[in-house]
Amino acid sequence: MKNANIQRMTDQRRVILDEIRDTKSHPTADDLYRVVRKRLPKISLGTVYRNLDILTNAGLINKLDFGSGQSRYDANLSEHYHLRCVECNRVVDVMDMPPIHYDRTVLSQTAFEIIGHNLEFVGICPDCRQKLSDTSDTSE
Ligand SMILES: [Zn+2]
Ligand SMILES: [Zn+2]
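Each residue of the sequence shown is one higher than the one before, counting from 949 in our numbering.
Now the structure itself:
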């Protein structure tokens, strides 16, 4: 196979990686713990955290820090941005926005060498918009 790292992986690490690759929801360590425990009932939250660090350091997943709340994890390694719902905290991908334009603009204004940037979009997702507009129903 392509990646030799995968073959040396422990079962625990592979299950965690599988679960991250299986979802587009950008799960937190807690979310992953809940899911992984169904396949590996004896795994601890600490082990999940440790394996997430190893996978992040190996470049197999990205750790997303939105500044508030728990870090989230993403197996989509292509350049993309994130849009977070301020109501339910769901995070979705925003594709096809070449980041080079931002870096060039900042470089031209400051003469800094730009090594990266953090940009997070926030909004209200369709489900939450629906709930918010449905004022007659106060349940949940
Ligand atoms: Zn929402
Ligand atoms: Zn993403």
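Beta carbons: idealized from backbone N, C-alpha and C, even for Gly.
Suppose you measure from the CA of residue i to the CA of residue j; what does that come to, to the nearest Å?
{"i": "Asn-1010", "j": "Asn-1024", "result": "8 Å"}
{"i": "Val-1070", "j": "Arg-982", "result": "26 Å"}
{"i": "Glu-1063", "j": "Asp-1082", "result": "The sequence given here places Ile at residue 1063; Glu does not occur at that position. C-alpha separation (whole angstroms): 45 Å."}
{"i": "Cys-1033", "j": "Ser-1056", "result": "32 Å"}
{"i": "Asn-953", "j": "Leu-1080", "result": "Note that Asn-953 scores 49 on pLDDT, short of 50, meaning its location in the model is unreliable and no value can be drawn from it."}
{"i": "Cys-1073", "j": "Arg-962", "result": "32 Å"}
{"i": "Glu-975", "j": "Phe-1014", "result": "Note on residue identity: the sequence assigns Pro, not Glu, to residue 975. Each residue's Cα considered, the two are about 13 Å apart."}
{"i": "Asp-1001", "j": "Leu-1012", "result": "12 Å"}
{"i": "Glu-1068", "j": "Asp-1022", "result": "14 Å"}
{"i": "Ala-1059", "j": "Met-957", "result": "43 Å"}
{"i": "Asp-970", "j": "Cys-1036", "result": "21 Å"}
{"i": "Val-984", "j": "Lys-990", "result": "10 Å"}
{"i": "Ser-973", "j": "Glu-1061", "result": "33 Å"}
Please check the pair residue i and residue j, which I expect to be a contact at CB under 8 Å, by giving their CB distance rounded to whole angstroms.
{"i": "Glu-967", "j": "Leu-980", "result": "6 Å"}
{"i": "Ala-977", "j": "Leu-1003", "result": "That pair is no contact at about 11 Å."}
Under 8 Å between the Cβ atoms of residue i and residue j?
{"i": "Val-1039", "j": "Arg-1020", "result": "yes"}
{"i": "Tyr-1050", "j": "His-1028", "result": "no"}
{"i": "Ile-1048", "j": "Val-996", "result": "no"}
{"i": "Asn-999", "j": "Gln-960", "result": "yes"}
{"i": "His-1030", "j": "Asp-1044", "result": "no"}
Which residues are close to ligand 1, meaning CB closer than 7 Å to any heavy atom, in chain order? Cys-1033, Glu-1035, Cys-1036, Arg-1038, Ile-1072, Cys-1073, Asp-1075 and Cys-1076
Kindly provide the ranges of any beta strand (DSSP E) runs that are 3 or more residues long and lie completely inside the stretch 983 to 1057, ordered along the chain. DSSP runs (the beta strand (DSSP E)) wholly in the stretch 983 to 1057: 1010 to 1012, 1020 to 1022, 1029 to 1033 and 1039 to 1042.
With distances taken from each beta carbon to the nearest heavy atom of ligand 2, which residues come in below 6 Å, in chain order? His-974, Asp-1022, Asn-1024, His-1028, His-1030 and Asp-1041
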